[in-house]
Every structure is written in C-alpha cells, then in structure tokens.
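A.B. asks: Residue numbers (my numbering): 3 to 631.
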C-alpha cells in the first residue's frame, strides 16, 4: 500500500493539511516555463509541468540532476551499472525502456542516445543548474520521437539568458565511503559580455567492492547579449573512471550486499560537448537557434565504442491578434545525426522534422492549443536498415475558472522507432513496427500566492510497444513488438511556503503500467513501480539556520513479465542542516538516514526469487562548505 510506512502516513497528512488549509502570506510572480521551447506562463498551459528551482536544488543537497529529480519530484530511478552516480529515470512507468520513451534537453540541445546506452546526466555540473522542468506526458510535437513519457528540460546559468553580475562560488565536501567532492563556478560580466566557467572533481570508494570511481569535468560558455539579440558558444568535457562490481544473486545480496561478483571489471567514459546558440527578434518574430556537437567514448572490460552526435534546432514564434482573438504561432525544424563505432562496425541514425504549434485565446481565460509534427528517421546497424516517416498531433484546451483555479485537457498521439540496438537483435525475418501511443490527459491547477497545487490524470494506450522479451526467439530473448500495453494514473504536485519558517512540498504518483492483452494480459510491465511519493520540508528555526528533510517512497515493482518475482517497496529519509555565515555556508547532510537496505535495479527472476540485483548504499553522511561571492 502507498501509505504503508509511518513516515509516509505522517508526511501525507501534514502535506495535505498544509496545502489545503494554508493561506499564503506573500504573492509570488507567475511561474514561467521554457520547456515549451519558448518562455510562457505556466497557469494557462494545457499540459502538466513540474518545476524544480535553484533554491530547491541547493536545499536538497543533491550532487547530480538524477538525485534532484528522484528526491524532490519523486521520479522513479534505477541505478546504472557504473559508479558515477547516474540513474535511469522513469517519468511514467516505462521500465527498462524508459530512457527511450522520454526526452532530455540541456539548454536547448537533445542529449538522448540512439542505442540502449542511457542518457548520462551525472556529468552536468549541479552548481551550474538553475532550473529543471519536467514536461509531463506526450511532448512529441515539440520534441519528436520517444517523448511519450515526457520531457526533462535542464537550464544552466549560462542558458537562462538573463543579465548577471560577477560572482564566484566554491563547494567542497568529504563524507562516507572515503568520498570527496570539489566544485567551482565563476561568472564574469561586463557591458553585455558574459563568461561562465565551471569545474568539478569527485572521488569515492562507493558502497561495494570494485566500485571505486573518479570523476572530473569542466566547461566554459561565452556569450554576448544586446537589446534584442543573444549569442554565444559553449564547451564542456568530463571523464569517469569506475569499477564494475556486477550484479548479485538473491543469496549473495542477503549474505553481503557490499560484495562484488566481478572483481576486476572496469570502465572509462569520456564526454565532450560543444555548442552555439542565437536568439534574436526580427520583424516581430522571436527566432532561436541551438546547435550542439557531442562525443562520447566508452572503454570497458566488456565493450568499447565511440559516439558522435550532432543536433540542430531552429524555431520561431510570433504573437498577433485576429480581431479580439489573441494568437501565438510557433514553428521549427529539428535535425539530428548520431553515429556509434564499435570494433570497426558502425550504427547510425538521422532524423529531420518540421513542427507547428498554435495557441489562441478566443476570449479571456481560455486557451486552445494545437500542434502538428512530421519526422523522417533513417537508422542503420550493419546491413539492417530502418526508414520511416511518422506524424504526430496534439490538441489542448485550458480554462481559467476563477483567480485561483485553472482546468485543462489534451489529446494527441506519439511514436518511436526501435533504436539501433533493438532492431539489430530481434526475431529473424520479423521487422519491428513503429511504436505508437494514443494519449489523453486532464488536470486542474490551483495557485494562491506562494501556494500551488496540480492534479493530473492521464492515459496512454500503446500499440506495438518495443521491448526485450526473454521468452522470444525460442527462449534466448529478442527485441520485439509487445502485446498492447497501457499507462494510466494520477499525479499530484503541491508546494507551499506557510510562513518565514516553514515550507512544504509533496509529489505523488499512482499508476498502472500493464499489458492490455496477450500472454501477459493484466501483468505489470517490468520495473515499473505502482506508486511513488516524495515529501519535502524546509524549516528555518532561527536566522542563518536551515533544516531540510525529504521522504521518498517507491512502490513494489517486478523484474519479470510474468510477475513471479517482485522488488520490495522502500522508503528513504534524507536530511540536511545548513548554517549561513555571510558568504560561507556550512552543512551536514545524510542520505538514507535510517540506513534502509534496498535496491532499485534488478532484472532477473529464478524460482520465484529476484536475481541480478544491484544494491543501493546504506546511510551516507557528508560534511560540506560552500563559499559564494
């Protein structure tokens, strides 16, 4: 049950009481979101968006973007196989294919890989992130293939496009598992020119044998801003060296979760990212261009490859009135290329897309939004090719009910093609068909000063979902088109600042991720938890003193299609105390304060027991100092 722990019951009761009864003492400006590809007010938007602010990022004590989304928003995450702190995030219950069913954007550039390698977010310097937006549900018209589950849009200090002053910050910490971390950031600004620099270094022995990791990274962005134009270039690079401890059997996990099943395996991952951007106003149009070039190298005991990727998007927006009707037209073109070279062979994919979106307000308080996208995709792996053109649409409407309440609803479709790993390993002579989804969503949001809440209901009926079935290909497993599946559920976000001393937040998701028919009809999709809950509180007992606490609950999930095995639900408590003395902040933080034993990643089932387990860390404590001038 979702309220099966004392912490969850107390937290939910407290959050619900605050969010329904509290009256805000101060007004705050409307929330402006940019995950819609142009900045706009959240209130009339006919789609759900969750926003994490810079202050919430800092107060959480999270060291990576993954940790922020899991801790603050309660997004389900599964530990990846490396020691750099990355997790496979899952917005709406897609399990093992979650990364292929959601899009990740960093300052306008798409980061998703064209294979099953996963999108690496731990390398993004957390000190540099000022905002994370999660666009809930179908984002295909704006972002293309693989956006059925939603979009994660990350904005850095350099990417937000605001005038800033000279500043410098440094962060250092030491903690459990012989871990240490150093982050530095600086902004130099003069007469429209701005230079942003960052660097970071992390080292830890981590919580298992042969799991020691070392990470180093840095970046620079130079830009110029005029009255109507902003342009700039950016470069960043990072490198991770880590041991690979492997998975554990059920017996090994019970005996000693710290042990490794592989004592000498290791990996090195290197990333380089270059980009340029331009925004300007021309003849009443707002025009933006983002281009990025990315290189990724993996060198491990079991696999070696190089990835080269290029992304470019050009978009334009213009607002105009037609009589008394207010109208905003957005249109754009996206182009992407991705190539992976492994052992002398290549896999590649190319995509070209055009999209158009129009928002009109026929009368005050009403917005109607309609969009179309067409995308051509060419994928190649060895001698196997996949070429398709897919189309998507969405239609949404929102209605302001009064000064506090806004209701909205939307419908649309979404799609994705198999990636190069999937269509190159399937049943012989059986082509994988495009995955499609019919998506419905409705919600209501409430805002009164600093108190905000949103409730969403959604339903995505998928046909020809692409996934790996261990029973296919005579029991040896293959990527296939699965029987029809369904994702549906309720999501609730709530945030309030009760007074100068107390602030609260809650994020709840109750979902179904099931097969609609076929051999597994009624069964849960593997690795899709039935519910998640995140409760957050901030307490300022006295000037300069701040206390933060987060409770996260993740429900039961199954590693297998037949649901014969299960991964137990778990609850974690994180806490952090910070003292601010002028330009210096001292903090003491603890992750998994109650030292709960649990795991987020497992993919085997044998004799009714879950196997292939990747254990999580127990209690982790760190002491940190942060300077800011």
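Glycine included, C-beta positions come from ideal geometry on N, C-alpha and C. Quantities reported herein were computed from a predicted structural model and do not represent experimental measurements.
1) If you measure between the beta carbons of residue 622 and residue 592, is that distance less than 8 Å?
2) Under a three-way DSSP split, which group does residue 615 fall into?
3) In whole angstroms, give me the CA-to-CA distance for residue 516 and residue 111.
4) Who are residue 590's beta bridge partners in DSSP?
5) Could you give the first and the last residue of the continuous beta strand (DSSP E) run that contains residue 374?
6) Does DSSP put residue 181 in a helix, in a strand, or in coil?
7) Please confirm whether residue 44 and residue 134 have their CB atoms less than 8 Å apart.
8) For residue 454, I'd like the list of residues in its chain whose CB is within less than 6 Å of its CB, leaving aside the five on either flank, ordered along the chain.
9) Measure the C-alpha to C-alpha separation of residue 65 and residue 612 and round it to an integer number of angstroms.
10) Buried or exposed, going by whether 16 or more other CB atoms sit within 10 Å of the CB of residue 547?
11) In terms of residue numbering, what span does the beta strand (DSSP E) encompassing residue 59 cover?
12) Less than 8 Å between the C-beta atoms of residue 389 and residue 396, yes or no?
13) With DSSP run on the structure shown, which of helix, strand or coil describes residue 249?
14) How far does the alpha helix (DSSP H) with residue 73 in it reach, from first residue to last?
15) Please return the same chain residues whose Cβ sits closer than 8 Å to the Cβ of residue 207, not counting the five positions on each side in sequence.
16) Are the beta-carbon atoms belonging to residue 428 and residue 482 less than 8 Å from one another?
17) Excluding the 5 residues preceding and the 5 following residue 440 in the sequence, name in chain order all residues of the same chain whose CB lies nearer than 6 Å to its CB.
18) Would residue 437 and residue 471 qualify as a contact pair, given that the criterion is a beta-carbon distance under 8 Å?
19) Round the Cβ separation of residue 105 and residue 153 to the nearest angstrom and send it over; I've been treating them as touching at under 8 Å.
20) Alpha carbons only, please: which of 630, 626, 398 is nearest the one belonging to residue 175?
21) Can you give the Cα-Cα distance for residue 260 and residue 617, rounded to whole angstroms?
22) Please state if the CB of residue 137 and the CB of residue 34 are separated by a distance shorter than 8 Å.
23) Any idea what DSSP makes of residue 142, helix, strand or coil?
24) What does DSSP give as the partner residue(s) for residue 307 in the beta ladder?
25) Could you pull out every residue in the same chain whose Cβ sits closer than 6 Å to the Cβ of residue 340, ignoring the five residues on either side in sequence?
26) Following the continuous beta strand (DSSP E) through residue 1, name the residue where it begins and the one where it ends.
27) Within its chain, find whatever has a CB closer than 7 Å to the CB of residue 383; leave out the 5 residues flanking it on each side and keep chain order.
28) Going by CA-CA distance only, name the one from 492, 323, 566 that's closest to residue 509.
29) Can you tell me where the beta strand (DSSP E) holding residue 543 begins and where it ends?
30) Tell me, please, which residues DSSP counts as bridged to residue 236.
31) Hey, how far is the Cα of residue 277 from the Cα of residue 606?
32) For residue 309, does the count of other Cβ atoms within 10 angstroms reach 16, so buried, or fall short, so exposed?
33) Could you tell me which of 161, 139, 86, 141 sits nearest to residue 121, measuring between CA atoms?
34) Residue 253 to residue 568, Cα distance in whole Å?
35) Between residue 102 and residue 145, what straight-line distance do the alpha-carbon atoms span, to the nearest angstrom?
36) Under the DSSP definition of a beta bridge, which residues are partnered with residue 110?
C.D. replies: From the atom records:
1) yes
2) strand
3) 32 Å
4) 579, 625
5) 368 to 383
6) strand
7) no
8) 497
9) 30 Å
10) exposed
11) Careful: residue 59 lies outside any beta strand (DSSP E), inside the alpha helix (DSSP H) at 56 to 62.
12) no
13) coil
14) 67 to 74
15) 179, 180, 181, 213, 214
16) yes
17) 415, 463
18) no
19) 5 Å
20) 626
21) 8 Å
22) no
23) helix
24) 300
25) 116, 311, 351
26) Coverage of the chain is limited to positions 3 through 631, which leaves residue 1 absent and any answer about it impossible.
27) 349, 422, 425, 426
28) 492
29) 533 to 544
30) 223, 277
31) 41 Å
32) buried
33) 86
34) 15 Å
35) 13 Å
36) None, per the DSSP bridge assignment.
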